[in-house]
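Student:
Residue numbers (our numbering): 2 to 181.
(1) Given a threshold of 16 other Cβ atoms within 10 Å of its Cβ, counted over all protein chains shown, does residue 81 qualify as buried or as exposed?
(2) Do residue 84 and residue 112 have their C-beta atoms within less than 7 Å of each other?
(3) Can you list, in chain order, the residues of its chain whose CB lies under 6 Å from that of residue 173, leaving out five sequence neighbours each side?
(4) If you scan the region 122-172 from start to end, which runs of the alpha helix (DSSP H) of 4 or more residues do you find wholly inside it?
(5) Residue 66 to residue 135, Cα distance in whole Å?
(6) Identify whether residue 58 lies in helix, strand or coil by the three-state DSSP scheme.
(7) What do you get for residue 181, buried or exposed, if any count of 16 or more other CB atoms within 10 angstroms of its CB means buried?
(8) Restricting to Cα atoms, I'd like to know which of 50, 73, 122 and 49 is closest to residue 151.
(9) Report all residues from its chain with a CB closer than 7 Å to the CB of residue 120; omit the five preceding and five following residues, and keep chain order.
Here it is, written out as structure tokens:
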């Protein structure tokens with residue numbers, strides 16, 4: 002018996018689009034909206050700059066852990082970060098047109114995915130944004146959103162113990178360089 006836990010997840014909607022892995026980095030895959038790949042609710046902050054790595058998977062697992070905690074609270078909207086738009090691939094008009102083209106009904110107000118992340122993790126500090134190399138993306142993060150305070154996971158999930166909260170903090174670190 003060992004203490005190693007292996008988790009294997011895949012979004013089969015992307016199975017035919019996955020790029021090659023090299024040195025732990027994913028080759029960027031472009032689609033009609035830009036270099037974003039994945040289910041928006043599970044995309045880490047670095048994906049919005051077109052950069053993903055295996056640390057992005059840690060983020061996604063953290064999102065799923067948050068969903069499981071929400072389900073435990075019998076929360077009908079279990080998704081932890083439920084956005085509808087994602088910078089830079091989906092400025093509002095482009096995203097709505099694309100979703101309508103796919104046959105989805107689109108709510109009148111779509112929330113930016115980063116805004117959903119900031120509502121839980123708080124608006125990132127300059128240090129937390131140090132991984133962002135695009136000046137445009139950095140300005141977007143620093144000017145588009147109201148300042149938000151970080152919520153504690155133990156308050157969001159009352160049944161969560163300190164070890165679980167620490168695990169969630171660890172997986173949902175805004176700066177990917179601070180994730181394992």
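Beta carbons: idealized from backbone N, C-alpha and C, even for Gly.
Source: prediction; values computed, not measured.
Tutor: According to the structure data:
(1) Start at 1 with the first residue of the chain shown, and residue 81 comes out as number 80. It counts as buried.
(2) Taking the chain shown and counting its residues from 1, the one referred to as residue 84 is at position 83. Taking the chain shown and counting its residues from 1, the one referred to as residue 112 is at position 111. Yes, the pair counts as a contact, with Cβ atoms nearer than the cut-off.
(3) Start at 1 with the first residue of the chain shown, and residue 173 comes out as number 172. The beta carbon of residue 173 is closer than 6 Å to those of 63 in its chain, skipping five residues each way along the sequence.
(4) 136-144, 154-157 and 163-172
(5) Here residue 66 refers to the residue found at position 65 of the chain shown. Here residue 135 refers to the residue found at position 134 of the chain shown. The alpha-carbon atoms of residue 66 and residue 135 are separated by roughly 30 Å.
(6) On the chain shown, position 57 is the one that residue 58 refers to. It is helical.
(7) Taking the first residue of the chain shown as position 1, residue 181 is located at position 180. Its Cβ having fewer than 16 others within 10 Å, residue 181 is exposed.
(8) Indexing the chain shown from 1 puts residue 151 at position 150. It is 122 whose Cα lies nearest to the Cα of residue 151.
(9) Residue mapping note: residue 120 aligns to position 119 of the chain shown, counting from 1. So the qualifying residues of the chain are 149.
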